[in-house]
Amino acid sequence: MASIDKTKREKERFVALSFCRADLLFELNDNRDIEFVAGATPVLLGKTAQEMTATSFADYIHNEDVKLVNELLDTASNKGRLDDATLYLKGPKGMKLRVSLSGYRVPDFNNHFFLALKVDPHRGSFGKIEPLKREEETNLLETESFAQAASERVTSFIHAGGDAQVSMLKVNHLDKLLNTVGATDKQKLLGEIGSILSESSLGGDTASRIDDTSFSFAHASTVDTQAINEKIEALAAQIHPDGDMVQAISSTLDVDGAGMSEDQVARALIHTMQRFCENKGSVRENALSDVLSGMMTNTVKNVGFIKEVAKNMDFDIHFMPINDLKRGYVHHFEGLLRFKGERSKESPYHMICLAEEVGIICDLDMAVVKKSIERVHHFRQTHFLPPLAINLSGASLGNDMFMRTLYNMLKDSPEMSGHLLFEITESARIEDLPKVNRILQSIRKLDFEVCLDDFGAGAASFDYLNGLDVDVVKFDGPVVKRAYSTEKGNDLLRAMSNMCHDLNIHTVAEMVEDAAMAKHMQDCGIDFGQGWFFGKPDPDPIQYANKFAPTSKVRRK
Numbered sequence: 024m025a026s027i028d029k030t031k032r033e034k035e036r037f038v039a040l041s042f043c044r045a046d047l048l049f050e051l052n053d054n055r056d057i058e059f060v061a062g063a064t065p066v067l068l069g070k071t072a073q074e075m076t077a078t079s080f081a082d083y084i085h086n087e088d089v090k091l092v093n094e095l096l097d098t099a100s101n102k103g104r105l106d107d108a109t110l111y112l113k114g115p116k117g118m119k120l121r122v123s124l125s126g127y128r129v130p131d132f133n134n135h136f137f138l139a140l141k142v143d144p145h146r147g148s149f150g151k152i153e154p155l156k157r158e159e160e161t162n163l164l165e166t167e168s169f170a171q172a173a174s175e176r177v178t179s180f181i182h183a184g185g186d187a188q189v190s191m192l193k194v195n196h197l198d199k200l201l202n203t204v205g206a207t208d209k210q211k212l213l214g215e216i217g218s219i220l221s222e223s224s225l226g227g228d229t230a231s232r233i234d235d236t237s238f239s240f241a242h243a244s245t246v247d248t249q250a251i252n253e254k255i256e257a258l259a260a261q262i263h264p265d266g267d268m269v270q271a272i273s274s275t276l277d278v279d280g281a282g283m284s285e286d287q288v289a290r291a292l293i294h295t296m297q298r299f300c301e302n303k304g305s306v307r308e309n310a311l312s313d314v315l316s317g318m319m320t321n322t323v324k325n326v327g328f329i330k331e332v333a334k335n336m337d338f339d340i341h342f343m344p345i346n347d348l349k350r351g352y353v354h355h356f357e358g359l360l361r362f363k364g365e366r367s368k369e370s371p372y373h374m375i376c377l378a379e380e381v382g383i384i385c386d387l388d389m390a391v392v393k394k395s396i397e398r399v400h401h402f403r404q405t406h407f408l409p410p411l412a413i414n415l416s417g418a419s420l421g422n423d424m425f426m427r428t429l430y431n432m433l434k435d436s437p438e439m440s441g442h443l444l445f446e447i448t449e450s451a452r453i454e455d456l457p458k459v460n461r462i463l464q465s466i467r468k469l470d471f472e473v474c475l476d477d478f479g480a481g482a483a484s485f486d487y488l489n490g491l492d493v494d495v496v497k498f499d500g501p502v503v504k505r506a507y508s509t510e511k512g513n514d515l516l517r518a519m520s521n522m523c524h525d526l527n528i529h530t531v532a533e534m535v536e537d538a539a540m541a542k543h544m545q546d547c548g549i550d551f552g553q554g555w556f557f558g559k560p561d562p563d564p565i566q567y568a569n570k571f572a573p574t575s576k577v578r579r580k
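For the sequence shown, the tail end lands on 580 under the working numbering, and the numbers increase by one without skipping.
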């Protein structure tokens with residue numbers, strides 16, 4: 024009896040220890056039915072453990088991911104285990120629950136699967152089910168939905184031990200054939216092309232139509248893309264005699280290296296596909312494979328460059344003046360990253376976009392913060408220097424580790440208060456406005472001001488202004504140009520400027536290129552101007568010393 028109690032106690036201890044890493048634990052038999060389940064199942068899945076026992080594990084997987092989960096388990100059966108694969112469960116009351124899945128097969132337990140599922144802490148745990156958006160004619164995913172789905176599923180497949188790839192399919196003359204056939208045959212042709220690609224893709228639903236003749240899909244490396252080409256060509260010939268002119272050509276992307284994680288590899292793949300789609304008009308049909316592979320190689324090379332530059336802080340900060348429109352003096356500077364050497368003449372814009380899309384922008388932003396503080400210290404040793412605005416991506420603001428590091432750095436540098444402010448770029452990447460706002464307020468309490476960049480660019484600008492308490496907003500260049508060139512644009516900018524002043528928020532207009540434009544911005548109620556009229560970015564801000572005022576601090580609230 025004591026032995027039985029001890030065994031039971033040991034089992035309970037192991038289960039308890041497992042919950043240090045997981046919210047749900049499963050044991051699945053060969054049919055993938057549930058032999059054992061533990062965890063907060065009533066809260067997360069709407070059923071008790073007893074109700075779930077002997078039911079199919081697939082019953083609790085969101086419909087979009089059922090096939091994917093089967094593929095992951097099949098792959099893990101051969102590889103032995105899977106680590107941190109992302110998938111969605113069916114939560115109670117139609118909720119969609121994002122989880123991270125890990126597990127392995129245990130030969131000593133009839134080769135059963137033992138799985139640990141943890142609610143993903145990086146995104147909202149629960150959310151209403153939002154079906155992936157689809158292109159109507161083919162039922163394939165729209166480009167944005169494909170990018171999201173492919174990134175997650177490629178990563179999950181790699182975590183399960185599989186080899187995942189992304190392929191581009193160009194169906195030459197498909198557009199001509201679609202103009203030839205009737206509506207019924209057109210619907211059949213596009214629908215069946217969609218089915219062929221979906222069935223071969225990860226999870227049976229990771230394919231997209233890019234334009235009239237181009238498609239992309241994520242798949243296991245074992246998929247025969249040439250066989251898919253032949254199926255599509257045969258389908259076209261079957262539907263119409265002119266279908267013989269259709270030629271399907273595919274190109275598959277593989278990546279390795281640059282020290283990227285699996286998630287970054289997946290994002291790099293999607294980044295390459297998106298850039299290809301943006302420039303596909305200039306690509307010769309017979310050069311598809313070479314161009315795609317070259318772009319992927321370039322993406323990996325650039326990721327490696329960004330990581331190395333961030334690690335060694337091997338870049339410059341150039342100071343661009345932002346002037347008081349009434350008094351003319353330099354109110355503060357914006358710090359702009361500039362690469363060295365061969366890339367010194369290139370705009371860093373595309374590299375910064377790549378860093379954001381691949382998920383390494385936090386490293387680059389932190390390096391820029393450190394370098395900026397270093398440069399401000401250097402110049403303030405011998406000269407008065409107006410404050411410097413440092414750009415921070417919305418993606419970095421949403422990263423807990425980045426923000427903790429930044430806060431502690433500023434808290435330990437009280438001598439920098441009033442000499443730095445932070446400019447929020449790419450605010451659309453902020454997923455949790457209340458959380459980010461709380462962190463920003465803690466930074467403002469240390470006497471570091473915050474500016475919201477690109478204001479007026481998109482309908483969401485007012486949501487960000489409502490959700491984030493800031494000291495300054497910078498109006499987007501196109502908004503400024505429209506205000507200068509059209510009466511309606513002028514009235515809109517004037518109204519937004521008045522609104523900001525009512526909220527005790529200062530305003531900046533960018534892309535101010537001449538005296539007339541500067542005067543017009545002042546008439547619209549704008550406080551500060553930025554543009555080549557006031558000065559170009561320069562590594563030495565002291566060249567603008569004749570425009571410095573005795574004090575250049577943004578007025579506090």
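Beta carbons are placed, not taken as given, at the ideal position from N, Cα and C, and that holds for glycine.
Beta-carbon proximity check, Ile-272 vs Ile-219, cutoff 8 Å:
no
At a cut-off of 7 Å, is Ala-518 close to the ligand COA when judged by its beta-carbon and the heavy atoms of the ligand?
Within the structure as shown, the ligand COA is missing, as the structure has no ligands at all.
Are Phe-407 and Phe-571 closer than 8 Å when you measure CB to CB?
yes
Keeping to the same chain, check which residues put their C-beta closer than 6 Å to that of Glu-50; ignore five residues upstream and five downstream.
Glu-58, Phe-59, His-135, Phe-137
Grab me the residues of Cys-523's own chain with a C-beta within less than 7 Å of its C-beta, minus the 5 sequence neighbours each way, in chain order.
Val-496, Thr-530
Cβ neighbours of Ala-390 in the same chain (closer than 8 Å, five flanking residues each side left out)
If we look at Ala-390 and ignore the five residues flanking it on each side, its Cβ neighbours are Val-332, Ala-333, Lys-334, Met-336, Phe-338.
Reducing DSSP to helix, strand and coil, say where Pro-344 ends up.
Reduced to three states, the DSSP call for Pro-344 is strand.
If you run the structure through DSSP and keep just helix, strand and coil, what is Ile-329?
helix
Could you tell me whether the Cβ atoms of His-355 and Ile-345 are closer together than 8 Å?
yes
Which of helix, strand or coil DSSP assigns to Asp-106
In the displayed model, Asp-106 falls within a strand according to three-state DSSP.
Could you check what DSSP says for Phe-132 in three-state terms: helix, strand or coil?
helix
According to DSSP, Tyr-127 sits in a beta bridge with which residue or residues?
Checking the DSSP bridge columns, you'll see Tyr-127 partnered with Arg-104, Phe-137.
Taking Cβ positions, are Asp-537 and Phe-556 nearer each other than 8 Å?
yes
Going by alpha carbons, who is nearest to Val-89 out of Pro-562, Asp-228, His-401?
Asp-228
Taking only runs of the alpha helix (DSSP H) that begin and end inside the stretch 407-487, which ones reach a length of at least 4 residues, in chain order?
Here the runs fully enclosed are 417-420, 423-434, 456-467.
With distance defined between alpha-carbon atoms, name the residue in Thr-248, Glu-175, Asn-422, Arg-398 nearest to Met-439.
Between Met-439 and the set Thr-248, Glu-175, Asn-422, Arg-398, the nearest pair of CA atoms involves Arg-398.
Pull the bridge partners of Asp-339 from the DSSP assignment, please.
Arg-361
Excluding sequence positions up to five away, which residues of its chain have a Cβ less than 7 Å from the Cβ of Asp-107?
Result list for Asp-107: Ser-123, Ser-125, His-182, in chain order.
Please report the Cβ distance between Asp-16 and Leu-200, rounded to the nearest whole angstrom; I am assuming they are in contact, meaning their Cβ atoms lie under 8 Å.
Absent from the model: residue 16. The displayed extent of the chain is 24 to 580, so no value can be given.
Our contact map puts Met-343 next to Gly-500 with C-beta atoms below 8 Å; I'd like the distance itself, whole angstroms only.
With a beta-carbon spacing of about 13 Å, Met-343 and Gly-500 fall beyond the 8 Å limit used to define contacts.
Hey, out of Ser-436, Asp-476, Ser-508, whose CA is closest to Thr-448's CA?
Looking from the CA of Thr-448, the closest CA among Ser-436, Asp-476, Ser-508 belongs to Asp-476.
Neighbourhood of His-294 by C-beta, 8 Å cutoff - its chain only, sequence neighbours within 5 removed:
Thr-322, Leu-377, Glu-380, Val-381
Going straight from the alpha carbon of Thr-64 to that of Asn-54, what length do you get?
Rounded to the nearest angstrom, the two C-alpha atoms are 21 Å apart.
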